[in-house]
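Visitor: Just so we're aligned: 27 in the numbering used here is position 27 of the sequence shown, and the numbers increase by one with no gaps anywhere. Just dropping this structure here.
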Amino acid sequence: MSNGLLPTTLTLPAIDIVRESEGWAGILPDTEQISHPRMRIDETLVLLLFRRLWEEGVQEGDVERYGSVLVTLNAAYDAYQDMVARARRPTLSIADFKALVATLERRAIIRLGELDDELEDIPLTIRALVATVAGDEFLAHLEELLSRPDFQDTDLEPVNNNTDANEEDEA
Numbered sequence: 001m002s003n004g005l006l007p008t009t010l011t012l013p014a015i016d017i018v019r020e021s022e023g024w025a026g027i028l029p030d031t032e033q034i035s036h037p038r039m040r041i042d043e044t045l046v047l048l049l050f051r052r053l054w055e056e057g058v059q060e061g062d063v064e065r066y067g068s069v070l071v072t073l074n075a076a077y078d079a080y081q082d083m084v085a086r087a088r089r090p091t092l093s094i095a096d097f098k099a100l101v102a103t104l105e106r107r108a109i110i111r112l113g114e115l116d117d118e119l120e121d122i123p124l125t126i127r128a129l130v131a132t133v134a135g136d137e138f139l140a141h142l143e144e145l146l147s148r149p150d151f152q153d154t155d156l157e158p159v160n161n162n163t164d165a166n167e168e169d170e171a
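Printed below as a string of structure tokens:
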């Protein structure tokens, strides 16, 4: 039934997915027809961090209902700080990190529990959905993006690939 303002059907380039074993159903973009959504670098790092923490939990057998992995906010923030320190990037404050976590919670990728006063920490459930959202296709797209010349680190010394010049230097 149409009121004249909206079409009766709406076709979007998307894929419906139901994963009962993981406890979720959703509509994901068909990345062959539309591009990946734009994310800030910090959002991407946090998403990849949760993918890594989820995989580690699965490998260690710490799997909860529907393939979820339970960690804590403080443990996730510590892992984030370690990851960012290796990349020599400035770290987010705990408040900014928590804001990004809240964004991922709104997207149903993770679930934050209530503050545990005794532990002074918040339980954080990483849902199996993270493996789909930040899956192999996402990682391949990210690698492709990072290999572009405009994303190369300008602080690195240029590599001389001219083999003729190298041979002359050796002579």
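For every residue, glycine included, the Cβ atom is placed at its ideal position computed from N, Cα and C.
1. In this structure, what does DSSP give as the bridge partners for Pro90?
2. Leaving out the 5 sequence neighbours to the left and right, which residues in its chain are closer than 7 Å to Val94 when beta-carbon positions are compared?
3. Can you give me the C-alpha to C-alpha distance between Ser68 and Met83, rounded to a whole angstrom?
4. Indicate whether Ala178 and Leu48 have their beta-carbon atoms separated by less than 8 Å.
5. Report the rounded CA-to-CA distance for Val101 versus Leu119, giving the unit in angstroms.
6. Would you mind sorting Ile110 into buried or exposed? The rule is 16 or more other CB atoms within 10 Å of its CB.
7. Starting from Leu124, follow the beta strand (DSSP E) in both directions and report where the run begins and ends.
8. According to the neighbour-count rule (16 or more other Cβ atoms, all chains shown, within 10 Å of its Cβ), is Ala128 buried or exposed?
9. Tell me which residues share the same chain as Lys98 and place their Cβ nearer than 6 Å to its Cβ, disregarding the 5 neighbours each side in the sequence.
10. Using DSSP bridges, identify the partner residues of Arg52.
11. Within a Cβ cutoff of 8 Å, which residues of the same chain sit near Asp62, ignoring the five residues on either side of it in sequence?
12. In the DSSP output, which residue or residues are listed as bridge partners for Val111?
13. Let me check understanding here. Comparing Cα to Cα, which of Asp42, Arg38, Ala140 lies closest to Pro90?
14. Using only the alpha-carbon positions, how far apart do Ala85 and Thr72 sit?
15. For Asp62, does the three-state DSSP call read helix, strand or coil?
16. Roughly how many whole angstroms lie between the Cα atoms of Leu92 and Gln81?
17. Keeping to the same chain, check which residues put their C-beta closer than 6 Å to that of Trp54; ignore five residues upstream and five downstream.
Guide: Once the coordinates are examined:
1. The residue labelled residue 90 in the question sits at position 90 within the sequence shown. Partner(s): none; Pro90 has no beta bridge.
2. Indexing the sequence shown from 1 puts residue 94 at position 94. Residue identity differs from the one stated: residue 94 is Ile in this sequence, not Val. The residues are Tyr77.
3. Walking along the sequence shown from the start, residue 68 turns up at place 68. Walking along the sequence shown from the start, residue 83 turns up at place 83. If you take the alpha carbons of Ser68 and Met83, they lie about 22 Å apart.
4. Since the first and last residues shown for the chain are 1 and 171, residue 178 lies out of range.
5. Taking the sequence shown and counting its residues from 1, the one referred to as residue 101 is at position 101. Taking the sequence shown and counting its residues from 1, the one referred to as residue 119 is at position 119. Looking at the two C-alpha atoms, the distance is approximately 19 Å.
6. For the purposes of this step, residue 110 is taken as residue 110 along the sequence shown, with counting starting at 1. Label assigned to Ile110: buried.
7. Working through the sequence shown from its first residue, we reach residue 124 at position 124. Note, Leu124: beta strand (DSSP E), 123–126.
8. In the sequence shown, residue 128 corresponds to position 128, counting from 1. Result: buried.
9. Reading the sequence shown from its first residue, position 98 is the one you call residue 98. Excluding residues within five positions, none has a Cβ falling inside 6 Å.
10. Against the sequence shown, residue 52 aligns to sequence position 52. DSSP lists no partner for Arg52.
11. As a position in the sequence shown, residue 62 is number 62, starting the count at 1. Excluding sequence neighbours, Asp62 sits near Val69, Leu70.
12. Reading the sequence shown from its first residue, position 111 is the one you call residue 111. As written in the sequence, residue 111 is Arg, which differs from the Val given in the question. Partner(s): Thr125.
13. In the sequence shown, counting from the first residue as 1, residue 90 sits at position 90. Comparing Cα-Cα distances from Pro90 to each of Asp42, Arg38, Ala140, the minimum goes to Asp42.
14. Numbered from 1 along the sequence shown, position 85 holds the residue referred to as residue 85. Numbered from 1 along the sequence shown, position 72 holds the residue referred to as residue 72. Each residue's Cα considered, the two are about 20 Å apart.
15. The residue you call residue 62 lines up with position 62 of the sequence shown. Residue state, collapsed to three classes: coil.
16. Translated into the one-based positions of the sequence shown, residue 92 becomes position 92. Translated into the one-based positions of the sequence shown, residue 81 becomes position 81. Going from the Cα of Leu92 to the Cα of Gln81 covers about 8 Å.
17. Your numbering for residue 54 matches position 54 in the sequence shown. Excluding residues within five positions, the ones whose Cβ falls inside 6 Å are Val69, Ile126, Val130.
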